[in-house]
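Trainee:
There are 4 protein chains.
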Amino acid sequence: MSSAKERLLESAKRLFSQKGYYATSVEDIVESAGVSKGTFYFYFKSKEELFKSLVEEMHLNIVKRLENFLEKELPLEDALIEYAKVFLEDIYQNRHIAQIFLFQLVGTNEEFRELYYTKIAHLRELLTKMVDRAIQKGEINYKNAENIVNLYAGFLRMLVLEYVFREKEPDLERVKSLAQEGVKVLFRGLKNA
Amino acid sequence: MSSAKERLLESAKRLFSQKGYYATSVEDIVESAGVSKGTFYFYFKSKEELFKSLVEEMHLNIVKRLENFLEKELPLEDALIEYAKVFLEDIYQNRHIAQIFLFQLVGTNEEFRELYYTKIAHLRELLTKMVDRAIQKGEINYKNAENIVNLYAGFLRMLVLEYVFREKEPDLERVKSLAQEGVKVLFRGLKNA
Amino acid sequence: MSSAKERLLESAKRLFSQKGYYATSVEDIVESAGVSKGTFYFYFKSKEELFKSLVEEMHLNIVKRLENFLEKELPLEDALIEYAKVFLEDIYQNRHIAQIFLFQLVGTNEEFRELYYTKIAHLRELLTKMVDRAIQKGEINYKNAENIVNLYAGFLRMLVLEYVFREKEPDLERVKSLAQEGVKVLFRGLKNA
Amino acid sequence: MSSAKERLLESAKRLFSQKGYYATSVEDIVESAGVSKGTFYFYFKSKEELFKSLVEEMHLNIVKRLENFLEKELPLEDALIEYAKVFLEDIYQNRHIAQIFLFQLVGTNEEFRELYYTKIAHLRELLTKMVDRAIQKGEINYKNAENIVNLYAGFLRMLVLEYVFREKEPDLERVKSLAQEGVKVLFRGLKNA
DNA sequence: CATGAATGAGTATTCATTCAT
DNA sequence: CATGAATGAATACTCATTCAT
Numbered sequence: 558m559s560s561a562k563e564r565l566l567e568s569a570k571r572l573f574s575q576k577g578y579y580a581t582s583v584e585d586i587v588e589s590a591g592v593s594k595g596t597f598y599f600y601f602k603s604k605e606e607l608f609k610s611l612v613e614e615m616h617l618n619i620v621k622r623l624e625n626f627l628e629k630e631l632p633l634e635d636a637l638i639e640y641a642k643v644f645l646e647d648i649y650q651n652r653h654i655a656q657i658f659l660f661q662l663v664g665t666n667e668e669f670r671e672l673y674y675t676k677i678a679h680l681r682e683l684l685t686k687m688v689d690r691a692i693q694k695g696e697i698n699y700k701n702a703e704n705i706v707n708l709y710a711g712f713l714r715m716l717v718l719e720y721v722f723r724e725k726e727p728d729l730e731r732v733k734s735l736a737q738e739g740v741k742v743l744f745r746g747l748k749n750a
Numbered sequence: 558m559s560s561a562k563e564r565l566l567e568s569a570k571r572l573f574s575q576k577g578y579y580a581t582s583v584e585d586i587v588e589s590a591g592v593s594k595g596t597f598y599f600y601f602k603s604k605e606e607l608f609k610s611l612v613e614e615m616h617l618n619i620v621k622r623l624e625n626f627l628e629k630e631l632p633l634e635d636a637l638i639e640y641a642k643v644f645l646e647d648i649y650q651n652r653h654i655a656q657i658f659l660f661q662l663v664g665t666n667e668e669f670r671e672l673y674y675t676k677i678a679h680l681r682e683l684l685t686k687m688v689d690r691a692i693q694k695g696e697i698n699y700k701n702a703e704n705i706v707n708l709y710a711g712f713l714r715m716l717v718l719e720y721v722f723r724e725k726e727p728d729l730e731r732v733k734s735l736a737q738e739g740v741k742v743l744f745r746g747l748k749n750a
Numbered sequence: 558m559s560s561a562k563e564r565l566l567e568s569a570k571r572l573f574s575q576k577g578y579y580a581t582s583v584e585d586i587v588e589s590a591g592v593s594k595g596t597f598y599f600y601f602k603s604k605e606e607l608f609k610s611l612v613e614e615m616h617l618n619i620v621k622r623l624e625n626f627l628e629k630e631l632p633l634e635d636a637l638i639e640y641a642k643v644f645l646e647d648i649y650q651n652r653h654i655a656q657i658f659l660f661q662l663v664g665t666n667e668e669f670r671e672l673y674y675t676k677i678a679h680l681r682e683l684l685t686k687m688v689d690r691a692i693q694k695g696e697i698n699y700k701n702a703e704n705i706v707n708l709y710a711g712f713l714r715m716l717v718l719e720y721v722f723r724e725k726e727p728d729l730e731r732v733k734s735l736a737q738e739g740v741k742v743l744f745r746g747l748k749n750a
Numbered sequence: 558m559s560s561a562k563e564r565l566l567e568s569a570k571r572l573f574s575q576k577g578y579y580a581t582s583v584e585d586i587v588e589s590a591g592v593s594k595g596t597f598y599f600y601f602k603s604k605e606e607l608f609k610s611l612v613e614e615m616h617l618n619i620v621k622r623l624e625n626f627l628e629k630e631l632p633l634e635d636a637l638i639e640y641a642k643v644f645l646e647d648i649y650q651n652r653h654i655a656q657i658f659l660f661q662l663v664g665t666n667e668e669f670r671e672l673y674y675t676k677i678a679h680l681r682e683l684l685t686k687m688v689d690r691a692i693q694k695g696e697i698n699y700k701n702a703e704n705i706v707n708l709y710a711g712f713l714r715m716l717v718l719e720y721v722f723r724e725k726e727p728d729l730e731r732v733k734s735l736a737q738e739g740v741k742v743l744f745r746g747l748k749n750a
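Chains as they are written, first to last, in the working numbering: chain B, 558 to 750; chain H, 558 to 750; chain U, 558 to 750; chain P, 558 to 750.
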């Protein structure tokens with residue numbers, strides 16, 4: 558049986574992702590976790606701290622995965638396709654926390670927005686590094702790595718927003734295939750500049 | 558001199574976009590507008606209703622602009638580039654309310670998220686129509702209009718998120734040129750499928 | 558066509574009697590009367606003053622009617638029966654304002670309760686006088702006039718509460734006949750002490 | 558020492574009965590009880606719910622008492638006299654909550670009025686049963702049980718209104734003796750029909 | 001006479017957080 | 001570790017009343 562802290566984390570993830578940070582009360586969380594309020598504050602300094610720790614967790618997951626990818630040094634097209642698939646799978650597996658990270662953080666309040674931009678900057682850096690390498694290797698002819706990240710990351714975000722989060726039971730295979738097609742389109746454009 | 562209602566609307570836009578829906582209190586809004594609480598409720602049924610009316614306003618603006626574009630029947634590449642520029646200009650001019658529409662709605666609570674998806678669906682439809690026309694005319698060879706919308710709209714969203722909203726004083730000309738470059742890359746990819 | 562003041566009075570009577578003093582807002586009243594708030598305060602100093610003036614009006618009505626009855630110097634039984642009928646008819650005709658007078662005044666707040674007791678004391682006095690006369694004339698053998706008023710007035714109040722006010726469309730003839738029967742029962746008891 | 562909940566209930570009873578439902582604020586109640594606002598809402602869902610629970614409590618008290626009386630199967634005159642005494646004693650002991658039940662409920666708003674009629678209907682039924690039995694046994698000759706209840710209950714209500722609630726320190730013995738006399742008068746009337 | 005925009009004190013209710021047990 | 005009673009500042013919203021036009 559899961560511990561009180563784990564149950565609190567699970568409940569928080571689910572409720573934050575469903576109802577949003579503000580509309581989720583500590584009361585909601587402890588009730589759903591079946592523990593007392595005192596217990597909540599034994600494990601977490603505050604509601605905000607819990608939220609931020611979820612964000613941190615998700616961020617570290619994505620970063621780790623992305624760094625692993627970088628080490629493989631795949632050709633860019635393969636890398637972009639493979640990573641897109643892994644990313645979508647990952648996001649789907651961690652839907653709740655991912656929703657918080659990708660779409661709640663920016664829109665909730667000033668502090669969270671800043672946190673978002675800090676975390677995202679890190680991820681963009683990693684992606685930029687990957688693209689830069691391909692530019693150096695002459696794999697593509699459009700050489701603005703930052704803007705390539707805009708195209709690629711914007712596309713992935715859109716897929717997540719429109720398919721993974723919007724639909725109750727997303728057809729992940731279809732989303733992955735959309736991702737693959739999209740990246741191919743993109744890559745052709747990058748090569749033929 | 559501006560009327561009480563106008564001042565309330567301006568204050569609300571600014572504060573919602575800065576601090577977010579929940580972190581902005583009616584107190585904040587009326588204080589910033591220099592009117593009493595009673596006046597707020599004389600003009601708006603509730604904080605929520607005011608928020609939603611701002612969203613509606615922005616939505617109608619974007620739809621109108623997009624419909625105008627559709628009527629022009631430009632070649633797709635030109636249309637995508639021109640619309641991107643107009644869109645970015647527009648979003649910049651209406652930064653506050655646009656921030657609310659594009660990034661707060663999804664992340665705030667369940668009701669707002671549903672509202673977001675409803676509004677966005679409408680915009681995606683219009684874009685899809687534009688792309689479909691180009692497919693019929695043989696302008697491009699990748700024929701999944703929906704996915705092209707994912708690529709294009711995702712890219713624009715990312716530009717807004719990373720440049721227009723992130724930076725205090727965004728260099729709009731640079732963003733537009735990134736947009737133009739990105740669309741060209743994309744279009745090449747679409748043509749050479 | 559009725560004047561603004563009359564329409565305000567009518568609306569106030571109806572709304573106060575239906576929803577109660579506190580649950581009826583000045584807004585409700587002016588809306589239902591089709592006039593502006595300014596007009597309300599042109600004719601009435603305050604919501605409370607309007608309410609009290611309605612109470613005063615009803616009180617004067619009942620007092621006048623009762624005094625007329627006293628002058629007739631009927632035998633007690635006839636007087637009690639006749640007055641009961643007239644009273645019920647009257648209350649029915651002025652249902653709204655009567656509801657306010659008889660049942661809202663006591664239960665609403667301290668000030669109104671005191672007002673109620675003052676007004677009611679006056680009515681009880683008149684009734685006591687009527688009964689005293691009958692005692693002096695030897696018409697009845699139970700000689701506690703105050704308690705007779707308790708029996709009689711309590712009975713009438715109960716009829717009003719249970720039949721005139723409770724039912725949407727009260728059968729007034731039936732209520733009057735209940736009143737007549739009840740008074741006869743009462744009178745027999747008074748005579749045979 | 559009494560618990561926070563008990564103190565809240567006591568304060569609420571007293572204040573509601575003195576100032577009325579609307580004129581008593583939650584602030585008033587918690588201040589008088591010496592607890593915080595949060596504590597109020599820890600124990601009661603709302604001001605209205607607390608009010609209704611007081612009503613329910615009083616209603617159950619009266620019903621229980623009345624049912625006990627019914628079981629005794631006393632001759633009607635004795636029953637009416639004995640019950641009147643017990644009722645007055647009871648009402649006096651629970652003055653505050655009784656005032657709420659008997660005189661505030663009807664006059665406050667629509668919802669409470671309906672609640673009043675529901676509760677009172679129950680009490681009238683029990684009394685009617687008691688009277689019906691006496692009619693069947695031939696104890697009285699006036700056979701309209703419902704109207705007898707009107708006479709009896711109206712009389713008791715009037716005693717409560719005029720003596721128990723009106724006076725700061727009511728002379729309960731005198732009220733009980735008025736009740737006894739009144740019932741005797743009534744009973745003679747009923748017998749000699 | 002009449003309007004309706006504007007006021008601001010007041011109200012019920014929420015909720016993150018604390019702490020004695 | 002765990003509980004849950006208690007806190008009180010904060011919040012959205014109401015409403016009687018005023019007053020310039």
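Where is the CB? At the ideal position from N, CA and C, for every residue including glycine.
Return no unless some Cβ of chain P is closer than 8 Å to the Cβ of R571/U.
Mentor: no
Trainee: Using a Cβ cut-off of 8 Å (strictly closer), state whether E719/B contacts chain H.
Mentor: yes
Trainee: Can you say whether T665/H is buried or exposed, counting buried as having 16 or more other CB atoms within 10 angstroms of its CB?
Mentor: Buried.
Trainee: Does the distance from the CB of V547/P to the CB of T596/P come in under 8 Å?
Mentor: Beyond the ends of chain P as shown, which are 558 and 750, falls residue 547/P; an answer cannot be given.
Trainee: According to DSSP, simplified to helix, strand and coil, what is T581/P?
Mentor: coil
Trainee: Distance check for K562/P and E682/U, CA to CA, integer angstroms please.
Mentor: Whole-angstrom Cα-Cα distance: 45 Å.
Trainee: Just verifying my parser: in three-state terms, what is the DSSP assignment at R723/B?
Mentor: coil
Trainee: Need the endpoints of the alpha helix (DSSP H) that K629/U sits in, please.
Mentor: Unbroken alpha helix (DSSP H) run through K629/U: K604 to K629.
Trainee: Once you ignore the five residues that flank A569/P on each side, which residues in its own chain have a CB closer than 6 Å to its CB?
Mentor: Excluding positions up to five away in sequence, the list reads I586 and L607.
Trainee: Note down the Cα distance separating M687/H from L627/H, rounded to an integer number of angstroms.
Mentor: 6 Å
Trainee: Alpha carbon to alpha carbon, how far is E667/H from G577/B?
Mentor: Across the structure, E667/H and G577/B are spaced so that their CA atoms are roughly 7 Å apart.
Trainee: Touch check for the segment 620–638 of chain U and the segment 725–732 of chain U: three-plus C-beta pairs under 8 Å?
Mentor: Taking a cut-off of 8 Å for Cβ pairs, the segment 620–638 of chain U and the segment 725–732 of chain U do not touch, as fewer than three such pairs fall below it.
Trainee: Can you have a look at N698/U and say buried or exposed, based on whether 16 or more other CB atoms are within 10 angstroms of its CB?
Mentor: exposed
Trainee: Measuring only the C-alpha atoms, how far is G695/H from R670/H?
Mentor: 37 Å
Trainee: Do we get a CB-CB distance below 8 Å when we pair T665/B with the residues of chain H?
Mentor: yes
Trainee: Checking 8 Å against the spacing of the C-beta atoms, do V717/B and I638/B come in under that value?
Mentor: no
Trainee: Please report the Cβ distance between R564/U and V592/U, rounded to the nearest whole angstrom; I am assuming they are in contact, meaning their Cβ atoms lie under 8 Å.
Mentor: 7 Å
Trainee: In terms of residues, what are the limits of the alpha helix (DSSP H) holding N707/H?
Mentor: Annotation for N707/H: the continuous alpha helix (DSSP H) segment containing it runs A702 to L716.
Trainee: Against chain U, does K576/P count as a neighbour if the rule is that its beta carbon must be under 8 Å from one of theirs?
Mentor: yes
Trainee: When you compare the CB positions of V740/U and A641/U, do they come within less than 8 Å of one another, or not?
Mentor: yes
Trainee: Roughly how far, in whole angstroms, is the beta-carbon of L747/B from the beta-carbon of V663/H, given that I think they are within contact range, below 8 Å?
Mentor: Rounded, the Cβ-Cβ distance is 29 Å, inconsistent with contact.
Trainee: Would you grab the beta carbon distance between I654/P and E614/P for me? Rounded to a whole angstrom, and I think it's under 8 Å.
Mentor: Right, the Cβ-Cβ distance comes to about 7 Å (below 8 Å), so this counts as a contact.
Trainee: Are the CB atoms of L623/U and L680/U nearer to each other than 8 Å?
Mentor: The criterion of a C-beta distance shorter than 8 Å is satisfied by L623/U and L680/U.
Trainee: With DSSP run on the structure shown, which of helix, strand or coil describes Y699/U?
Mentor: coil
Trainee: Sorry if obvious, but does the Cβ on F669/H come closer than 7 Å to a heavy atom of the ligand MG?
Mentor: For the ligand MG, the structure offers nothing, since it holds no ligand at all.
Trainee: Which of the three DSSP states is assigned to A750/U in this structure?
Mentor: coil
Trainee: Beta-carbon within less than 6 Å of K700/H's beta-carbon, same chain only, minus the 5 sequence neighbours each way: which residues are those?
Mentor: I692
Trainee: Mind listing the chain P neighbours of L623/U? Cutoff is C-beta to C-beta under 9 Å, in chain order.
Mentor: Under the 9 Å cutoff, chain P gives no residues; its nearest Cβ is about 17 Å from L623/U.
Trainee: If you follow the alpha helix (DSSP H) that Q661/P is in, where does it begin and where does it stop?
Mentor: It is not in any alpha helix (DSSP H) - Q661/P carries neither H nor E in the DSSP assignment.
Trainee: I'd like to know if L645/U contacts chain P, where contact means its C-beta is closer than 8 Å to some C-beta of that chain.
Mentor: Not closer than 8 Å to any Cβ of chain P, the Cβ of L645/U fails to qualify, so no.
Trainee: For a contact defined as C-beta to C-beta under 7 Å, what are the partners of Y754/U on chain P?
Mentor: One cannot answer for residue 754/U here, as it falls past the ends of chain U, which runs 558 to 750.
Trainee: Which one of R723/P, L708/P and L713/P has the shortest CA to CA distance from E738/U?
Mentor: L708/P
Trainee: For the segment 683–709 of chain P, which residues have a beta carbon sitting closer than 7 Å to at least one beta carbon of chain U?
Mentor: Y699, N701, N704, N707 and L708
Trainee: Taking just the CA atoms, how far does T685/U sit from N749/U?
Mentor: 20 Å
Trainee: Whose CA, out of R745/U, R652/U and L617/U, lies closest to the CA of R723/U?
Mentor: It is R652/U.
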